[in-house]
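Chains as they are written, first to last, in our numbering: chain S, 112 to 410; chain E, 8 to 291.
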Amino acid sequence: MSNTLLRPGADAIAVKGWWSAHQWLILRRITQAGILGLFLAGPLLGVWIIKGNIASSLTLDILPLSDPYLLLQSLFAGHWPETTVVIGAFIVAGFYFLVGGRVYCGWICPVNPITDMAAWFRQRLNIKGGARFPRQSRYWLLAMTLITASISGSLLWEMVNPVTMIYRGLIFGMGMAWFLVLALFLFDLFLGQRGWCSHLCPMGAFYSLLAFYSPLRVSATQREKCNDCMECYAVCPEPQVIPPALKGAEQGVGPVITGINCSNCGRCIDVCSKNVFQFSTRFKSVNNFSTVTKREAMP
Amino acid sequence: MAKTGNEVDQYRRRFLIRSAGQACGAALLGIGLLTLARQTYGLPAEAIRPPGALAETDFLAACVRCGLCVRDCPYNTLKLSELGDKVTTGTPYFIARDIPCEMCDDIPCVVACPTGALDKKLTDIDDARMGLAALVDQENCLNFLGLRCDICYRVCPAIDKAITLDTIHNPRTGKHTLFIPVVHSEACTGCGKCEHACILPEAAIKVLPARLAKGAPGQHYRLGWEEKQKAGSSLVAPDKEHKYNLPEGYRYEYEGQGLIKENDSGETPFSSNPLDTLNQGRQQ
Ligand code: SF4
Ligand code: SF4
Ligand code: SF4
Ligand code: SF4
Chain S
112 MSNTLLRPGA DAIAVKGWWS AHQWLILRRI TQAGILGLFL AGPLLGVWII
162 KGNIASSLTL DILPLSDPYL LLQSLFAGHW PETTVVIGAF IVAGFYFLVG
212 GRVYCGWICP VNPITDMAAW FRQRLNIKGG ARFPRQSRYW LLAMTLITAS
262 ISGSLLWEMV NPVTMIYRGL IFGMGMAWFL VLALFLFDLF LGQRGWCSHL
312 CPMGAFYSLL AFYSPLRVSA TQREKCNDCM ECYAVCPEPQ VIPPALKGAE
362 QGVGPVITGI NCSNCGRCID VCSKNVFQFS TRFKSVNNFS TVTKREAMP
Chain E
8 MAKTGNEVDQ YRRRFLIRSA GQACGAALLG IGLLTLARQT YGLPAEAIRP
58 PGALAETDFL AACVRCGLCV RDCPYNTLKL SELGDKVTTG TPYFIARDIP
108 CEMCDDIPCV VACPTGALDK KLTDIDDARM GLAALVDQEN CLNFLGLRCD
158 ICYRVCPAID KAITLDTIHN PRTGKHTLFI PVVHSEACTG CGKCEHACIL
208 PEAAIKVLPA RLAKGAPGQH YRLGWEEKQK AGSSLVAPDK EHKYNLPEGY
258 RYEYEGQGLI KENDSGETPF SSNPLDTLNQ GRQQ
């Protein structure tokens with residue numbers, strides 16, 4: 112078993128073919144690159160579809176989109192904002208409320224490809240060990256960023272926040288932010304299995320809080336077909352969200368993954384040779400199990 | 008599976024200890040960040056915020072570092088600070104000596120700002136106060152040397168209001184005038200056109216944050232002559248009438264007019280022949 116887990120997905124590739132075993136991953140990378148591309152089209156090609164960066168942007172000179180976490184920091188720092196940024200933040204928050212908060216992580220955030228790559232190498236090279244951070248640490252860090260914003264009266268976290276820093280850097284000039292990219296990669300490679308995104312990042316923690324009621328969810332619709340190959344656990348950045356849905360049949364727990372830290376990345380769908388998982392909605396009851404929206408005790 | 012009371016206690020204990028550990032970790036990081044911030048905050052003097060920027064501390068609470076102001080500046084004046092620059096990472100600024108602010112009438116940077124970090128209340132660019140120009144090098148400024156450079160004065164968008172040329176005697180030649188550029192804080196926007204245009208290899212006139220460019224009078228200071236004018240008369244003691252031995256029909260005005268001849272009929276008490284006055288003294 113340990114051998115297949117060094118290369119999770121091998122079964123799925125054999126059964127479904129390479130494309131089917133990677134389709135969500137590829138779609139995600141296309142989305143990430145495409146949105147970054149839209150931002151870059153302005154400065155590089157002079158095609159101004161989106162101006163700004165993920166902190167706050169203006170699309171087609173009309174649609175404001177702003178990051179609700181940054182707005183929250185700004186409020187904690189004591190600034191009463193203009194309506195534009197408030198509208199933008201509500202639109203964005205509303206979107207993630209519907210599709211799942213951490214869709215931000217899986218589909219937009221520039222750090223995700225870096226930490227995914229680190230996780231991939233860690234798996235292939237069978238690197239073990241490093242520090243073990245509890246998954247709740249991120250919520251403490253989230254609280255810390257807001258409290259320090261309030262104490263310092265500034266967006267303090269934005270001085271170091273790798274997410275906004277890297278995205279802004281790609282569009283406006285990296286400066287020394289390449290070191291940050293490298294640091295994050297090495298951190299996740301050697302210091303902790305999915306150390307940053309799944310344990311520490313306060314931005315991810317913030318977005319997870321938008322996911323309590325989001326309709327769009329992955330569901331282990333055909334969970335009775337599971338052959339316990341464990342490959343979904345091996346690829347999932349937040350594997351603690353899987354068991355309640357996958358193994359909850361006896362306890363009467365529905366097959367929908369309701370854990371707020373699931374980023375709807377769809378890797379479990381890709382990697383499962385038995386086609387257990389599929390995108391679904393929170394409300395869909397399958398196989399006569401009523402959908403249970405009970406949250407996990409721990410996020 | 009029901010847990011016994013003891014197990015619950017154990018669980019609770021572990022949970023509390025773990026949470027305390029995480030909280031302390033986060034707090035330590037927070038303290039580190041706050042210390043770091045203390046050391047890196049404070050804008051270098053040559054970095055100027057865009058027009059309408061709130062006071063620096065408020066600005067850092069408001070700006071989300073989106074760069075929309077940068078994008079809408081038609082002159083590429085503004086840039087976002089990169090990691091490693093001296094300016095707080097991600098915030099907009101400009102260096103006047105590189106590209107000054109052209110003081111656009113419609114102030115697109117302010118219009119673009121979604122957060123109010125650039126204050127929407129700024130609608131007239133002449134009211135912007137990005138900094139204050141100061142002629143810092145009086146040794147090398149060509150006008151101070153008695154030449155007629157005048158460039159900073161000529162390029163100033165608020166010419167004759169923000170910069171004037173004040174004339175004083177040139178003591179070196181003894182017969183020429185120095186045209187001294189004088190900046191007036193009530194009109195200077197801090198756009199930096201003067202600093203940009205200064206022809207010296209290192210500008211003699213520079214836009215600085217107002218706190219560096221300007222002194223401040225003591226709060227209790229009163230300028231006697233102004234107070235007197237406001238009150239209409241001297242505030243300390245009634246003005247004594249000064250008694251000079253003036254010839255009859257003359258009085259002296261202290262506000263600057265000097266010797267005044269009453270009912271000036273063109274006559275003088277003196278003879279047109281100065282010898283008469285001298286002879287008069289001998290006779291007495
Ligand atoms: S956890 Fe943070 S860094 Fe990771 S993908 Fe989410 S927002 Fe990005
Ligand atoms: S006023 Fe015009 S030139 Fe000056 S910073 Fe704003 S947009 Fe740029
Ligand atoms: S537009 Fe406003 S919020 Fe955005 S970078 Fe400029 S000053 Fe900051
Ligand atoms: S900075 Fe210089 S050019 Fe601009 S308004 Fe002030 S004196 Fe004039």
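Where is the CB? At the ideal position from N, CA and C, for every residue including glycine.
Per DSSP, which one or two residues make a beta bridge with Val126 (chain S)?
Per DSSP, none; premise fails for Val126 (chain S).
Contacting positions in the stretch 117–130 of chain E - beta carbon closer than 7 Å to chain S
Pro121, Thr122, Gly123 and Lys127
Can you give the Cα-Cα distance for Val94 (chain E) and Asp122 (chain S), rounded to whole angstroms?
52 Å
Among the candidates E:Ile187, E:Ala103, E:Asn270 and E:Gly225, whose CA atom is the shortest distance from the CA of Gly256 (chain E)?
E:Asn270
In its own chain, which residues sit with a C-beta less than 6 Å from the C-beta of Phe101 (chain E), not counting the 5 before and 5 after it?
Around Phe101 (chain E): Ile55, Thr84 and Leu85.
Determine, using beta carbons only, whether Thr64 (chain E) comes closer than 8 Å to chain S.
With 8 Å as the cut-off, Thr64 (chain E) counts as an interface residue toward chain S.
If you draw a straight line from the C-alpha of Leu156 (chain S) to the C-alpha of Leu174 (chain S), how long is it?
21 Å
Whole-angstrom C-beta distance between Gly199 (chain S) and Pro121 (chain E), which should lie under 8 Å:
6 Å
Is Val190 (chain E) close to ligand 4? I mean its beta-carbon at under 7 Å from any heavy atom of the ligand.
Indeed, a heavy atom of ligand 4 lies less than 7 Å from the Cβ.
Can you tell me the Cα-Cα spacing of Ser401 (chain S) and Glu361 (chain S), whole angstroms?
At Ser401 (chain S), the pLDDT of 41 sits below 50, so the modelled position is not reliable; the number obtained from the coordinates is stated separately. The alpha-carbon atoms of Ser401 (chain S) and Glu361 (chain S) are separated by roughly 13 Å.
Using DSSP with H/G/I as helix, E/B as strand and the rest coil, what is Ser391 (chain S)?
strand
Whole-angstrom C-beta distance between Lys221 (chain E) and Ser192 (chain E), which should lie under 8 Å
6 Å
Is the closest heavy atom of ligand 3 to the C-beta of Ala260 (chain S) under 7 Å?
no
Reduced DSSP secondary structure (H/G/I, E/B, other) of Pro254 (chain E):
coil
Ligand 4 and Lys221 (chain E): does the residue's C-beta get closer than 7 Å to at least one heavy atom of that ligand?
no
Selection from E:Pro51, E:Cys156, E:Ile206 and E:Pro115 that minimises the alpha carbon distance to Asp131 (chain E)
It is E:Pro115.
Please return the same chain residues whose Cβ sits closer than 7 Å to the Cβ of Arg25 (chain E), not counting the five positions on each side in sequence.
none
Could you tell me which residues DSSP pairs with Asn177 (chain E) in its beta bridges?
E:His183
If you draw a straight line from the C-alpha of Asn399 (chain S) to the C-alpha of Val329 (chain S), how long is it?
Confidence is the limiting factor: at Asn399 (chain S) the pLDDT is only 42, short of 50, which leaves the residue's position unreliable, though a coordinate-based value still follows. Spanning the two alpha carbons is a distance of roughly 17 Å.
Closer than 8 Å is the cut-off here; do at least three beta carbon pairs connect the stretch 283–301 of chain S with the stretch 331–340 of chain S?
no
Using only the alpha-carbon positions, how far apart do Ser113 (chain S) and Ala125 (chain S) sit?
For Ser113 (chain S), the predicted structure reports a pLDDT of 45, less than 50, and the residue's modelled location is therefore unreliable. The matter cannot be settled from this model.
Segment contact flag, the stretch 208–215 of chain S with the stretch 289–306 of chain S, C-beta cutoff 8 Å, min 3 pairs
no
Between the C-alpha atoms of Cys343 (chain S) and Arg246 (chain S), what's the straight-line distance to the nearest angstrom?
Rounded to whole angstroms, Cys343 (chain S) to Arg246 (chain S) spans 19 Å at the Cα level.
Given Pro208 (chain E) as reference, the closest of E:Arg104, E:Gly231 and E:Thr171 once Cα atoms are compared:
E:Arg104
Kindly list, in the order they appear in chain E, the residues whose Cβ is closer than 7 Å to that of Pro245 (chain S).
Arg25 and Gln29
From what residue to what residue does the beta strand (DSSP E) around Leu411 (chain S) run?
Given that chain S is displayed from residue 112 to residue 410, the structure contains no residue 411 (chain S) and the question cannot be resolved.
So who's on the other strand from Tyr298 (chain E), going by DSSP bridges?
It is not possible to answer for residue 298 (chain E), since the shown part of chain E is limited to 8 through 291.
So, with DSSP's three-state summary, where would you put Lys221 (chain E)?
coil
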